[in-house]
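These notes concern the structure reproduced below.
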Amino acid sequence: MTAIPTKNGSQNAAKAAKADEFYTQWADIEREMNAYLEFNRDVFRDKVVLLPCDDPEWSNFTKFFALHFTDLGLRTLISTSYAPDSNPAKANYHPTLFEINSPHFDPTKTHTNGKLLTLHREDINGDGVVDIDDLRWRYLDGDGDFRSAEVSAQRDEADIIITNPPFSLFRNFMTWLVGGNKPFSIIGNSNAVTYVETFPLIKNNQLWKGATANSTDMVFAVPKGAPIKEADRLKAERLGYPSSGDYDFTRLGNSCWFTNIDHGRRHKPLQLMTMAENIKFSRHKDVRGLGYRRYCNFAEAIEVPYVDAIPSDFNGLMGVPITYLDKHNPDQFEIVAHADDMEAMRQIGVEPLGADFVGKYKEQGGTGSNSPGHRKLGLTAPRYYVPFKRILIRRRTGAS
Ligand SMILES: C[S@@+](CC[C@H](N)C(=O)[O-])C[C@H]1O[C@@H](n2cnc3c(N)ncnc32)[C@H](O)[C@@H]1O
Numbered sequence: 003m004t005a006i007p008t009k010n011g012s013q014n015a016a017k018a019a020k021a022d023e024f025y026t027q028w029a030d031i032e033r034e035m036n037a038y039l040e041f042n043r044d045v046f047r048d049k050v051v052l053l054p055c056d057d058p059e060w061s062n063f064t065k066f067f068a069l070h071f072t073d074l075g076l077r078t079l080i081s082t083s084y085a086p087d088s089n090p091a092k093a094n095y096h097p098t099l100f101e102i103n104s105p106h107f108d109p110t111k112t113h114t115n116g117k118l119l120t121l122h123r124e125d126i127n128g129d130g131v132v133d134i135d136d137l138r139w140r141y142l143d144g145d146g147d148f149r150s151a152e153v154s155a156q157r158d159e160a161d162i163i164i165t166n167p168p169f170s171l172f173r174n175f176m177t178w179l180v181g182g183n184k185p186f187s188i189i190g191n192s193n194a195v196t197y198v199e200t201f202p203l204i205k206n207n208q209l210w211k212g213a214t215a216n217s218t219d220m221v222f223a224v225p226k227g228a229p230i231k232e233a234d235r236l237k238a239e240r241l242g243y244p245s246s247g248d249y250d251f252t253r254l255g256n257s258c259w260f261t262n263i264d265h266g267r268r269h270k271p272l273q274l275m276t277m278a279e280n281i282k283f284s285r286h287k288d289v290r291g292l293g294y295r296r297y298c299n300f301a302e303a304i305e306v307p308y309v310d311a312i313p314s315d316f317n318g319l320m321g322v323p324i325t326y327l328d329k330h331n332p333d334q335f336e337i338v339a340h341a342d343d344m345e346a347m348r349q350i351g352v353e354p355l356g357a358d359f360v361g362k363y364k365e366q367g368g369t370g371s372n373s374p375g376h377r378k379l380g381l382t383a384p385r386y387y388v389p390f391k392r393i394l395i396r397r398r399t400g401a402s
């Protein structure tokens, strides 16, 4: 039976969909793609690049790859978009003049169908270069949902997939992407590192953080009137993105790239001090002169509260903040588990938190959802607590 949409239901859907309308800026795309090119200048050569979940008429992804089509040596560029009628955020959609003036224009399909843009090694307008002006487009048969058979077929034909997918469908998108078994680079939220769809891949070296935008702001354009915080709008403005007639701009401090395309940053070893040097010289007062605490329910691992305080000469397990993944070099450290995964904690021998621990944690003002029996890494000093989102790593044998 089909549910009848309630007013609140459709308002919520529109709200969630609006939160997906974050448009990537050229500079962010350029910085990240340049990092892949610095590592391998032929990374895009002779490749079919697919940009799903895009808006081919104006997306910076489409513009970037179309304008660099020749110098990157692309074979084909394909970009697909999602139908306005399937997207509650596009309630006030109007086709552009580009589309209306095209012989392919269809007043119904413009609302109900996705679009597909292609650029081949074909100088259609005969101006001597293959670029954005040689793009061709058509309506897709369906609405352009990335999960559709039609767009999945494009994924299967492509060599590389690049986009900023809808934030609310990140997990589904990652599953779809991994199903294609292709090189990819996508934007997501850095908290997604611990998702079941991503962490096993990160652990197995099949997925990693991008080379750029880690722990720095990324600016996004949003449709006019989208609910954004004034402080973020002002910050985006200070970063060089004032509101325009078409868009407002906002910034996100926790967005990042997820990729399986190699880049130089992940081969650069983290420069670290030994444990003795950290104890003597660390800039962190909770390490300097004090050393490293062991978890009360897993004494074989030490807690390392800062990435720059990881000791270079400790061979056991270390609990480090998830921001470590921004700097992870797979030749230097092995990723063992993330500490929010209680089953993984059981497997490596973490004891459950006891009633005594949880009682003291609550007495001392702890409000997290920690209960007796939870296998989470516990510390008893300087107070009873479970450190936030730790990843357990181990130094590779022979790594400096
Ligand atoms: C975060 S925005 C990014 C747009 C563009 N790729 C960019 O980076 O500027 C995600 C886009 O995915 C589209 N979208 C939402 N749901 C989708 C779906 N199920 N399948 C395909 N695209 C979808 C939205 O219309 C939105 O424009």
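When you line the sequence shown up against the working numbering, it's residues 3 to 402, in that order. No residue lacks a Cβ here, since even glycine has one placed at the ideal position from N, Cα and C.
Assignment of beta-bridge partners to L79 by DSSP yields V51 and L121. DSSP places K270 in the coil class of the three-state scheme, outside both helix and strand. In this structure, the beta-carbon distance from F260 to T200 falls below 9 Å. Remark: fewer than three beta-carbon pairs, one from each stretch, lie closer than 8 Å, so the region 367 to 386 and the region 323 to 334 are not flagged as touching. In this structure, the straight-line span from the alpha carbon of F169 to that of E336 is close to 29 Å.
By the criterion of a C-beta distance shorter than 7 Å, Y363 is surrounded in its chain by N372, Y386 and Y387, once the five residues flanking it on both sides are discounted. Apart from the 5 residues on each side of it in sequence, D30 sits with its Cβ closer than 7 Å to the Cβ of A215 and M220 in its chain, given in chain order. The criterion of a C-beta distance shorter than 9 Å is satisfied by L76 and V51. Distance from the CA atom of L319 to the CA atom of R348, rounded to whole angstroms, is 15 Å. Cβ-Cβ distances below 8 Å link R140 to H106, K117 and L118 in the same chain, with the five nearest sequence neighbours on each side left out; the list follows chain order. When DSSP reads this structure, G212 sits in no beta bridge, so it has no partner. Of the residues G247, L121 and A238, the one whose Cα lies closest to the Cα of G227 is G247. The three-state reading of DSSP puts D342 in coil, since its state is none of H, G, I, E or B. Look at V221 here: in three-state DSSP terms it is strand. For M35, the secondary structure class from DSSP, reduced to helix, strand or coil, is helix.
The distance from the Cβ of A223 to that of F251 is about 6 Å, consistent with a contact at the 8 Å cut-off. Residue range F172 to G182 is occupied by the alpha helix (DSSP H) that includes M176. In this structure, the C-beta of L241 stays at least 8 Å away from each heavy atom of ligand 1.
Under the DSSP assignment, G361 falls in the alpha helix (DSSP H) whose first and last residues are A357 to E365. F148 sits away from F172, with the two beta carbons spaced by 9 Å or more. Short of 6 Å from the beta carbon of D135, and not among the five residues preceding or following it, lie these beta carbons of its own chain, in chain order: N127. Check the Cα spacing between K92 and each of H113, P109 and E101: the tightest is with H113.
Looking at the DSSP output, D56 sits in a beta bridge with S83. Rounded to the nearest whole angstrom, the CA to CA distance from H286 to N183 is 42 Å. For D234, the Cβ stays outside the 8 Å cut-off from all heavy atoms of ligand 1.
Counting along the chain, M277 sits inside the alpha helix (DSSP H) bounded by residues M277 to F283.
Closest in alpha carbon position to V309, among E34, D87, C55 and L394, is L394.
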